[in-house]
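Numbers 2 to 477, taken from the numbering used here, label the letters of the sequence shown in order.
All C-beta atoms in this analysis are idealised placements derived from N, C-alpha and C, irrespective of residue type, glycine included.
What follows is a short report on a single structure.
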Amino acid sequence: MDSWPAGTPSGADLHLDLTTGRARGLGLRAALEDALRGSVRDGRLAPGTRLPPSRSLAADLGIARNTVAEAYAQLTAEGWLTARQGSGTVVAERGAPAPVATPGLPQRAPAARYDFTPGRPDLGLFPRTAWLAAARRALAAAPNEALGYSDPRGRIELRRALADYLARVRGVRTDPERIVVCTGYTQAVGLLCRTLHERGVRRAAIEEYGLPQQQHLVETGGLTAVTLPLDASGARTDLLGPTGVGLVTLTPAHQFPTGVALHPARRAAAVEWARQSGGLVVEDDYDGELRYDRQPVGALQALDPELVAYVGTASKSLAPGLRLGWLVLPAELVEPVTRQKYLADGHSGVFEQLTMAEFITSGGLDRHVRRCRQHYRRRRDLLLTTLAERAPQVRVTGLAAGLHAVLQLPPGGLSERELLAQAGWLGLSVNAASGCRAAAAGPAEERPPALVIGYGTPPEHAFAGAVDALCRLLTL
């Protein structure tokens with residue numbers, strides 16, 4: 002006979018209303034499952050709540066015990082409930098309920114316990130002491146005029162420091178007069194798209210897989226997006242000729258999300274397309290400094306500075322909250338892009354620029370990047386070792402540089418949609434590879450499921466636990 006521990010709610014206490022489901026044509030079991038899901042979803046049944054034994058709930062509701070047992074089993078399989086030895090059936094642990102949507106405002110997903118969102122650094126690595134020291138030195142040395150309205154291109158101190166740093170570290174060919182300081186990649190692409198739209202450009206090519214917002218960024222700038230296929234050599238820049246585009250955005254050093262470097266022949270093809278068509282190549286060098294197992298891949302911009310606009314940011318090497326990025330421009334685009342920057346926000350924050358300039362020239366950025374490489378290499382190696390031991394069926398790619406990896410799962414298991422649902426129950430935030438595919442690419446061929454994970458995101462104290470939870474997800 003079922004026991005009923007003290008404190009366990011009765012069927013009446015659960016306030017389960019089967020009439021709503023029955024009115025929609027659901028059978029008894031489906032109506033019970035629907036009512037239980039609703040109670041968990043809206044918080045009436047909190048995580049850890051012990052449910053009545055199947056016999057007791059069946060008696061309270063006036064239905065067969067098997068109906069309740071089967072409903073419990075189904076909801077356990079879906080992750081809503083957990084069957085514990087000696088404790089009966091309880092409501093599974095889960096993330097916080099989604100906030101009520103406010104019309105017109107983007108909604109943030111509930112915070113996960115373990116965040117593997119790609120493209121974000123370990124914020125605990127930010128060099129607070131060194132940055133604060135640089136800020137003090139920069140502010141002490143700043144002339145009074147630095148506190149007023151500034152050149153829309155940015156402070157000359159930072160543009161000089163960037164010109165030297167990018168030439169030394171990334172092989173970029175430029176001078177301070179051709180650099181525009183901006184708030185990051187989003188603003189940089191917007192400035193370029195609006196500038197080219199004014200010049201009559203109407204179409205832009207983007208990589209088939211990339212930033213989820215890439216197509217939106219281009220279209221917000223007034224251009225229609227078309228996509229370039231990807232293969233093991235990177236974006237198919239050899240196909241640019243007949244597309245009729247005037248701009249192409251590429252991630253040549255470390256394609257997002259696949260992780261491949263653009264083949265030299267494809268790099269040359271992109272520049273040749275720009276030369277023949279009068280178009281512009283936009284190089285997104287989002288994590289070019291973070292490399293582990295290969296020699297540095299130089300900037301594509303160095304092949305022809307008049308045909309390639311180079312975009313970099315401090316978001317990966319330091320922190321996205323600084324809102325610091327830079328555009329290295331062909332000479333003919335400096336004036337119109339500067340005008341667009343002035344119309345957008347006048348100029349970027351002066352204190353951040355002066356501090357960044359001091360941080361670069363004092364050697365602070367070089368020291369910090371070296372520390373970052375060691376830190377993320379250790380994380381990457383732990384991830385690889387653990388996956389090889391606990392989830393050997395998973396193929397891991399894209400790990401020679403950067404902060405993310407692609408986990409390719411064998412066919413026949415959970416779909417990407419199912420993996421994301423299960424990840425939520427495990428307190429994990431992960432991205433499906435299909436979510437990185439541009440809508441402009443049209444229907445995708447059916448592929449085995451894959452996840453894109455950012456191993457820079459979890460804080461240091463939680464990284465081992467995050468990898469453990471990830472392995473549990475991959476072995477469901």
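Exercise for review: Helix, strand or coil for E284, going by three-state DSSP, please let me know.
Suggested key: strand
Review point. What do you get for N432, buried or exposed, if any count of 16 or more other CB atoms within 10 angstroms of its CB means buried?
Key: buried
Exercise for review: Under the assumption that E284 contacts V309 (Cβ atoms under 8 Å), give the Cβ distance between them as a whole number of angstroms.
Suggested key: 6 Å
Practice item. For G436, count neighbouring C-beta atoms within 10 Å of its own C-beta (all shown protein chains included) and say buried if the count is 16 or more, exposed if not. Key: exposed
Exercise for review: Return helix, strand or coil for W81, following the three-state DSSP convention.
Suggested key: coil
Check your understanding: Any idea what DSSP makes of L478, helix, strand or coil?
Key -> This structure cannot speak to residue 478, because the chain is shown only from 2 to 477.
Practice item. Flag this pair as touching only if the segment 290-303 and the segment 170-188 have three or more C-beta atom pairs under 8 Å; answer yes or no. Key: yes
Review point. Helix, strand or coil: how does DSSP classify H16 here?
Key: coil
Point to revise | Span of the beta strand (DSSP E), counted from its first residue to its last, around R396 | key: R396 to T398
Practice item. Assign G28 to buried or exposed, taking buried as 16 or more other Cβ atoms, counted over all protein chains shown, within 10 Å of its Cβ. Key: exposed
Point to revise | Contacts around A434, its chain only, beta-carbon distance under 6 Å, and the 5 residues preceding and following it disregarded | key: A451 and V453
Check your understanding: What residue does the beta strand (DSSP E) around C194 start on, and which one ends it?
Key -> Element bounds for C194: not the beta strand (DSSP E) but the alpha helix (DSSP H), Y186 to E199.
Review point. Ordered along the chain, which non-local residues of its own chain (more than five positions away) have a Cβ less than 7 Å from that of A441?
Key: Q216, A226, V227 and T228
Check your understanding: Once you ignore the five residues that flank R138 on each side, which residues in its own chain have a CB closer than 7 Å to its CB?
Key -> E359
Point to revise | Helix, strand or coil at A70 [DSSP, three-state] | key: helix
Practice item. Select from P460, W426 and G403 the residue whose C-alpha is nearest the C-alpha of G120. Key: G403
Point to revise | Minimum C-alpha distance to Y150 - residue among A401, Y343 and S416 | key: Y343
Point to revise | Close beta carbons around Q394, own chain, < 6 Å, minus the five adjacent residues each side | key: P411
**Study point:** Beta-carbon separation (whole angstroms), L328 vs C183, contact threshold 8 Å
**Key:** 6 Å
Exercise for review: Measure the C-alpha to C-alpha separation of D152 and T398 and round it to an integer number of angstroms.
Suggested key: 43 Å
Practice item. Grab the span of the beta strand (DSSP E) containing L46 for me, first residue to last. Key: Looking at the DSSP string, L46 is not in any beta strand (DSSP E), and its letter there is neither H nor E.
Review point. By Cβ distance below 8 Å, which residues in the same chain neighbour G185 in space, the five residues on each side in sequence not counted?
Key: T314, S316, P321, R324, L325 and G326
Review point. Mind checking F464: buried by the 16 CB within 10 Å criterion, or exposed?
Key: buried
**Study point:** Local conformation of S430 per DSSP, three classes
**Key:** strand
Point to revise | Environment of A422 [buried if 16+ CB atoms lie within 10 Å] | key: exposed
Practice item. Kindly indicate which residue of T476, L471 and L477 has the alpha-carbon position closest to the one of Y115. Key: L471
Review point. Where L126 and R473 are concerned, what is the direct C-alpha to C-alpha distance, given to the nearest angstrom?
Key: 27 Å
Point to revise | Of the listed residues A113, T130 and R51, nearest to V91 (C-alpha basis) | key: R51
**Study point:** Close Cβ partners of D232 (< 8 Å) along its chain, the five nearest in sequence each way excluded
**Key:** none
Exercise for review: Taking A254 as the reference, give the member of L17, R160, A164 and P265 with the closest Cα.
Suggested key: P265
**Study point:** Spatially closest choice to V335 from G365, L355, T252 and T196, by CA coordinates
**Key:** T196
Review point. Since H405 contacts P258 with CB under 8 Å, what's their CB separation in whole angstroms?
Key: 6 Å
Review point. G242: which of A271, L263 and L224 sits nearest, CA to CA?
Key: A271
Check your understanding: Secondary structure at Q256, three-state DSSP: helix, strand or coil?
Key -> coil
Review point. Three or more beta-carbon pairs under 8 Å between the segment 40-48 and the segment 60-68, yes or no?
Key: no
Review point. By the 10 Å Cβ neighbour count, where 16 or more other Cβ atoms means buried, how is G347 classified, buried or exposed?
Key: exposed
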